[in-house]
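Q: Chains as they are written, first to last, in the numbering used here: chain L, 1 to 380; chain B, 381 to 760.
Glycine included, C-beta positions come from ideal geometry on N, C-alpha and C.
Predicted model, so just to flag it, every value in this text is computed and none were measured.
Protein chains: 2
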Amino acid sequence: MKNGMIECSVCHSKLVSPSTKAVSRAYDRHRSKVSSKQRALNVLLVVGDCMLVGLQPILVFMSKVDGKFKFSPISVNFLTEVAKVLFAIVMLLIQARRQKVGEKPLLSISTFVQAARNNVLLAVPALLYAINNYLKFTMQLYFNPATVKMLSNLKVLVIAVLLKIVMKRRFSIIQWEALALLLIGISINQLRSLPEGTSAMGLPVATGAYIYTMIFVTVPSMASVFNEYALKSQYDTSIYLQNLFLYGYGAIFNFLGILGTVIIKGPDSFDILQGHSKATILLIINNAAQGILSSFFFKYADTILKKYSSTVATIFTGIASAAMFGHTLTINFILGISVVFISMHQFFSPLSKVKDEQENGVLEMEPQNDHRFILGTGRV
Amino acid sequence: MKNGMIECSVCHSKLVSPSTKAVSRAYDRHRSKVSSKQRALNVLLVVGDCMLVGLQPILVFMSKVDGKFKFSPISVNFLTEVAKVLFAIVMLLIQARRQKVGEKPLLSISTFVQAARNNVLLAVPALLYAINNYLKFTMQLYFNPATVKMLSNLKVLVIAVLLKIVMKRRFSIIQWEALALLLIGISINQLRSLPEGTSAMGLPVATGAYIYTMIFVTVPSMASVFNEYALKSQYDTSIYLQNLFLYGYGAIFNFLGILGTVIIKGPDSFDILQGHSKATILLIINNAAQGILSSFFFKYADTILKKYSSTVATIFTGIASAAMFGHTLTINFILGISVVFISMHQFFSPLSKVKDEQENGVLEMEPQNDHRFILGTGRV
Chain L
1 MKNGMIECSV
11 CHSKLVSPST
21 KAVSRAYDRH
31 RSKVSSKQRA
41 LNVLLVVGDC
51 MLVGLQPILV
61 FMSKVDGKFK
71 FSPISVNFLT
81 EVAKVLFAIV
91 MLLIQARRQK
101 VGEKPLLSIS
111 TFVQAARNNV
121 LLAVPALLYA
131 INNYLKFTMQ
141 LYFNPATVKM
151 LSNLKVLVIA
161 VLLKIVMKRR
171 FSIIQWEALA
181 LLLIGISINQ
191 LRSLPEGTSA
201 MGLPVATGAY
211 IYTMIFVTVP
221 SMASVFNEYA
231 LKSQYDTSIY
241 LQNLFLYGYG
251 AIFNFLGILG
261 TVIIKGPDSF
271 DILQGHSKAT
281 ILLIINNAAQ
291 GILSSFFFKY
301 ADTILKKYSS
311 TVATIFTGIA
321 SAAMFGHTLT
331 INFILGISVV
341 FISMHQFFSP
351 LSKVKDEQEN
361 GVLEMEPQND
371 HRFILGTGRV
Chain B
381 MKNGMIECSV
391 CHSKLVSPST
401 KAVSRAYDRH
411 RSKVSSKQRA
421 LNVLLVVGDC
431 MLVGLQPILV
441 FMSKVDGKFK
451 FSPISVNFLT
461 EVAKVLFAIV
471 MLLIQARRQK
481 VGEKPLLSIS
491 TFVQAARNNV
501 LLAVPALLYA
511 INNYLKFTMQ
521 LYFNPATVKM
531 LSNLKVLVIA
541 VLLKIVMKRR
551 FSIIQWEALA
561 LLLIGISINQ
571 LRSLPEGTSA
581 MGLPVATGAY
591 IYTMIFVTVP
601 SMASVFNEYA
611 LKSQYDTSIY
621 LQNLFLYGYG
631 AIFNFLGILG
641 TVIIKGPDSF
651 DILQGHSKAT
661 ILLIINNAAQ
671 GILSSFFFKY
681 ADTILKKYSS
691 TVATIFTGIA
701 SAAMFGHTLT
711 INFILGISVV
721 FISMHQFFSP
731 LSKVKDEQEN
741 GVLEMEPQND
751 HRFILGTGRV
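#1: Would you say B:Leu559 faces chain L, with C-beta separation under 8 Å as the test?
#2: Within 10 angstroms of its Cβ, does L:Pro105 collect 16 or more other Cβ (buried), or is it exposed?
#3: Could you work out which residues of chain L lie near B:Asn533, taking near to mean beta carbons separated by less than 8 Å?
#4: Check this for me: beta carbons of L:Val217 and L:Leu128, under 8 Å apart or not?
#5: Report yes or no: is there a C-beta of chain B within less than 8 Å of the C-beta of L:Ile342?
#6: So is B:Ile695 buried or exposed if we call it buried at 16+ other beta carbons inside 10 Å?
#7: With a threshold of 8 Å between beta-carbons, can B:Val719 be considered close to chain L, or not?
#8: Using CA atoms only, rank isn't needed, just tell me which of B:Arg419, B:Val427, B:Asn457 and B:Ser488 is closest to B:Leu663.
#9: Please state whether DSSP places L:Lys168 in a helix, a strand or coil.
#10: Consult DSSP for L:Phe245 and reduce its assignment to one of helix, strand or coil.
#11: Can you name the residues of chain B whose CB is closer than 7 Å to the CB of L:Asn332?
#12: I'd like the list of long-range same chain contacts for B:Gly646, defined as Cβ closer than 8 Å, with 5 residues on each side in sequence excluded.
#13: Cα-Cα, which of L:Leu92, L:Lys164 and L:Ile131 is closest to L:Pro220?
#14: Can you tell me the Cα-Cα spacing of B:Tyr680 and B:Ser567, whole angstroms?
#15: For the alpha helix (DSSP H) that B:Phe725 lies in, which residues bound it at each end?
#16: Determine, using beta carbons only, whether L:Ala288 and L:Lys84 come nearer to each other than 8 Å.
#17: Tell me whether the beta-carbon of L:Leu181 lies closer than 8 Å to the beta-carbon of L:Val339.
#18: Could you tell me which of B:Gln436, B:Ala420 and B:Lys544 sits nearest to B:Val734, measuring between CA atoms?
#19: Leaving aside the five residues before and after B:Gln436 along the sequence, list all residues of the same chain whose C-beta is less than 7 Å from its C-beta, in chain order.
#20: Output yes if chain L places a C-beta closer than 8 Å to the C-beta of B:Ile591; else output no.
#21: Taking three-plus beta-carbon pairs below 8 Å as touching, is the region 42 to 58 of chain L in contact with the region 290 to 304 of chain L?
#22: Find the nearest neighbour of B:Ala594 within the set B:Ile539, B:Leu459 and B:His707, judged by alpha-carbon distance.
#23: Please list the partners that B:Ser567 has in chain L, where partner means a Cβ-to-Cβ separation under 9 Å.
#24: Within 10 angstroms of its Cβ, does L:Leu273 collect 16 or more other Cβ (buried), or is it exposed?
#25: By the three-class DSSP mapping on this structure, what secondary structure does B:Lys444 have?
#26: Does the beta carbon of B:His725 come closer than 8 Å to any beta carbon on chain L?
#27: Can you have a look at B:Leu639 and say buried or exposed, based on whether 16 or more other CB atoms are within 10 angstroms of its CB?
#28: Nearest-angstrom Cα distance between B:Phe705 and B:Ser690?
#29: Any beta-carbon of chain L closer than 8 Å to the one on B:Ile545?
#30: Per DSSP, what kind of secondary structure is B:Glu483 in: helix, strand or coil?
#31: Can you list, in chain order, the residues of its chain with a C-beta nearer than 7 Å to that of L:Ala123? Leave out the 5 residues immediately preceding and following it.
#32: Could you pull out every residue in the same chain whose Cβ sits closer than 6 Å to the Cβ of B:Ala702, ignoring the five residues on either side in sequence?
#33: For a contact defined as C-beta to C-beta under 9 Å, what are the partners of L:Ile315 on chain B?
#34: If you reduce the DSSP assignment to three classes, tell me which class L:Ala301 lands in.
#35: So that I know if they touch, is there some Cβ in chain L lying closer than 8 Å to that of B:Leu731?
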């Protein structure tokens, strides 16, 4: 037995050992059916993501009163979670109405309790996201925003490593290089925004800073990957029910955070609706929609596609704003996006996929048997 | 008959048609023998190139008197060609002495005349190099040196296109992308040296400038590729004899250039030895050595390896000067060299090679026959 494979004693074919850890088995069973639809779905997800991310700076601009935010930024996180919970409930009600006779009822208490028990893992990403929301503010005390932006780019590599560990995804060398190129490409785009005198890594060398950087990069990456893991491992649960749990936990954790702030800073900070306008409500809805779209990425595509999608969205926003406001595109921007597009082609090119004869062999042999799930082969 | 292949009417195997243009046949015959030695040779070439390129800025610094060059830059080209001719003659004499009895004499008039006739093609790169030496000066009137440096990076793509057309080299998509990454990586390194306000392409938009750019990029690329073509197509001729012709033509063309200058500017500019010192002689010897090493690259390796080698040399010079003079490495430099190294790995990785079943098939079939040469398959 080698790499979880066993050899058939009759025909010497390779089989996946039944003891191989099989967390996303339901998802993998599903996968073999839908590969043809997957492309169309990916395109839809990316286009939707690009539109929402593109709206973001416009809404942020509109939310400012005299160039400042009048509302507490902590309240935005909580209200966003609440909006997502409401959306999940509405979608669940619609789904339940459309159910045919004989289907397992979506809204029965037994279904709900069982799903809640199965999806308890969603509390992990919800907690990590809540921690991340607080970290963002702390980080801005330690680093200037340009450095924070630069450091965020490291997330893509951390995500890939976590996908390899948690989801057992395999990447080819070309794909690892493509991810490094994505990181470099985004960084080149941001070079102009760094202060002139910034040295080699643009980092203050305080010892604590390194630890903060580690945490700042790892926590949101872990949140995304565990979210993908939790959503895919219970593939049969409706995504709206999964979202209800995820955002429910999220709302609870954020509410606890607000309570903590109230205890420390006094009851004034409890007024979470203070300073909001129509524009800020649109901003919250946009945030919520991005969050919901993310969960579709994590369940039906993956975290890496989400990363590429956000990058492409940023690039298109850059090009659109240059076209609308007559900015010239800097040479950094052109070099950076060239690297990003090459990276994207290399990552998704069939040439760079991990060759996996094992999987095909196993799939052909016993299609009715459960031996055949192998987690995360170079799939997108 | 398709792509120069014919089908055997008995066994239906594919054969290369004897009418297929077979310019580098001697080289290709040689190639099949030496693939094991090729790696060692490549390493030697790259290390030598790095040392010579690394010496260059030190010698340039030493050649300056009060921060200026006292000698005519045109004379450097001519003297470099003369130095290369002298080296070729010395090497030929050494080679002739070491010849065993029975070997075709290297220094007989008949050998020389026949080789001269066969290698007449070397006049083409020699002329192109001479034109390029004059263009360099003209370019500096139209563009600032930083822009010239940036434009020079485009050469690597032009060289690849020319290799495809002239040498029938085939590149995989990953290899094309690797070449684009090389271009981008070098450009990122140079970003800091561009003037602050430089817009999108950093180019003046005068109509003439585009034509000059085209010529400036194409002429030296054509020179390199035709040089490779000419040296490899007469693979059996001694490289020193080939160099003698190449640099002989080069010296003649440069001398004609000097004569032209004399006619236009008067006899003062004829004193080609004016203003030279020991340091400038070392500079000329270094230039000559780089030229000679290039011919080894072109004959025994290729133009692309030469490009990568020069880039690596520039990178090591940058790192060495940072280490010696205590400069901090800029973030541009770090991002740029990361892209260059990824590009290099991707270009030379066996994963990215063009799969070529045809060649193997043909080689196995008739090893004693001359059908088997196919030009420039994804070889490095």
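A: In this structure, then:
#1: As a position in the second sequence, residue 559 of chain B is number 179, starting the count at 1. No, B:Leu559 lies away from the interface with chain L (no Cβ there is under 8 Å from its Cβ).
#2: Within the first sequence, residue 105 of chain L is the residue found at index 105, counting from 1. When all chains shown are included, L:Pro105 counts as exposed.
#3: Residue numbering aside, residue 533 of chain B sits at position 153 when the second sequence is read from its first letter. Within chain L, no residue comes near B:Asn533; the closest Cβ sits about 11 Å away, beyond 8 Å.
#4: Counted from its first residue, the first sequence places residue 217 of chain L at position 217. Counted from its first residue, the first sequence places residue 128 of chain L at position 128. Not closer than 8 Å, so no.
#5: Here residue 342 of chain L refers to the residue found at position 342 when the first sequence is read from its first residue. Interface residue, yes.
#6: Position 315 of the second sequence, counting from 1, holds the residue named residue 695 of chain B. Buried, since its Cβ has 16 or more Cβ neighbours within 10 Å.
#7: As a working note, residue 719 of chain B is residue 339 in the second sequence. With 8 Å as the cut-off, B:Val719 counts as an interface residue toward chain L.
#8: Mapped onto the second sequence, residue 663 of chain B falls at position 283. Comparing Cα positions, the closest option is B:Asn457.
#9: Numbered from its first residue, the first sequence carries residue 168 of chain L at position 168. Three-state result, L:Lys168: coil.
#10: Within the first sequence, numbered from 1, the residue matching residue 245 of chain L stands at position 245. Of the three classes helix, strand and coil, the one that applies to L:Phe245 here is helix, per DSSP.
#11: Walking along the first sequence from the start, residue 332 of chain L turns up at place 332. Residues of chain B whose Cβ lies closer than 7 Å to the Cβ of L:Asn332 are, in chain order, Leu571.
#12: Looking up residue 646 of chain B in the second sequence gives position 266. The answer is none, since no qualifying residue turns up.
#13: Position 220 of the first sequence, counted from the first residue, corresponds to residue 220 of chain L. Taking only the C-alpha atoms, the option nearest L:Pro220 is L:Ile131.
#14: Within the second sequence, residue 680 of chain B is the residue found at index 300, counting from 1. Within the second sequence, residue 567 of chain B is the residue found at index 187, counting from 1. C-alpha separation (whole angstroms): 28 Å.
#15: As a position in the second sequence, residue 725 of chain B is number 345, starting the count at 1. Before going further, note that residue 725 of chain B is His rather than Phe in the sequence given. Note, B:His725: alpha helix (DSSP H), Ile711 to Phe728.
#16: Here the question's residue 288 of chain L lines up with position 288 in the first sequence. Here the question's residue 84 of chain L lines up with position 84 in the first sequence. It is a contact, given that the beta carbons lie within the stated cut-off.
#17: Walking along the first sequence from the start, residue 181 of chain L turns up at place 181. Walking along the first sequence from the start, residue 339 of chain L turns up at place 339. Yes, the Cβ-Cβ distance between L:Leu181 and L:Val339 is below 8 Å.
#18: In the second sequence, counting from the first residue as 1, residue 734 of chain B sits at position 354. Nearest of B:Gln436, B:Ala420 and B:Lys544 to B:Val734, Cα basis: B:Lys544.
#19: For the purposes of this step, residue 436 of chain B is identified with residue 56 of the second sequence, where counting begins at 1. Excluding sequence neighbours, B:Gln436 sits near Asn666.
#20: Here residue 591 of chain B refers to the residue found at position 211 when the second sequence is read from its first residue. No, B:Ile591 lies away from the interface with chain L (no Cβ there is under 8 Å from its Cβ).
#21: yes
#22: Within the second sequence, residue 594 of chain B is the residue found at index 214, counting from 1. Correcting the residue identity first, residue 594 of chain B is Met in this sequence and not Ala. Among B:Ile539, B:Leu459 and B:His707, the Cα nearest to that of B:Met594 belongs to B:Ile539.
#23: Residue mapping note: residue 567 of chain B aligns to position 187 of the second sequence, counting from 1. Here the neighbours are Ile331 and Leu335.
#24: To locate residue 273 of chain L, count along the first sequence from 1; it is residue 273. With fewer than 16 Cβ atoms within 10 Å of its Cβ, L:Leu273 is classed as exposed.
#25: Counted from its first residue, the second sequence places residue 444 of chain B at position 64. Of the three classes helix, strand and coil, the one that applies to B:Lys444 here is coil, per DSSP.
#26: Residue mapping note: residue 725 of chain B aligns to position 345 of the second sequence, counting from 1. Judged by the 8 Å Cβ criterion, B:His725 is in contact with chain L.
#27: The residue you call residue 639 of chain B lines up with position 259 of the second sequence. It is exposed - the Cβ of B:Leu639 has fewer than 16 other Cβ atoms within 10 Å.
#28: Position 325 of the second sequence, counted from the first residue, corresponds to residue 705 of chain B. Position 310 of the second sequence, counted from the first residue, corresponds to residue 690 of chain B. Distance between the alpha carbons of B:Phe705 and B:Ser690: 22 Å.
#29: Working through the second sequence from its first residue, we reach residue 545 of chain B at position 165. No, because no Cβ of chain L sits closer than 8 Å to the Cβ of B:Ile545.
#30: In the second sequence, residue 483 of chain B corresponds to position 103, counting from 1. Correct three-state label for B:Glu483: coil.
#31: For the purposes of this step, residue 123 of chain L is identified with residue 123 of the first sequence, where counting begins at 1. Counting only Cβ-Cβ distances below 7 Å, and skipping sequence neighbours, we find Tyr249.
#32: For the purposes of this step, residue 702 of chain B is identified with residue 322 of the second sequence, where counting begins at 1. Once the five neighbours on either side are set aside, the close Cβ partners of B:Ala702 are Leu709.
#33: Counting from 1 along the first sequence, the entry for residue 315 of chain L is found at position 315. Going along chain B, no residue has its Cβ under 9 Å from L:Ile315, so there is no contact; the nearest lies around 15 Å.
#34: Taking the first sequence and counting its residues from 1, one reaches residue 301 of chain L at position 301. In the three-state DSSP reduction, L:Ala301 falls in the coil class, being neither helix nor strand.
#35: For this step, residue 731 of chain B is matched to residue 351 along the second sequence. Yes, contact with chain L.
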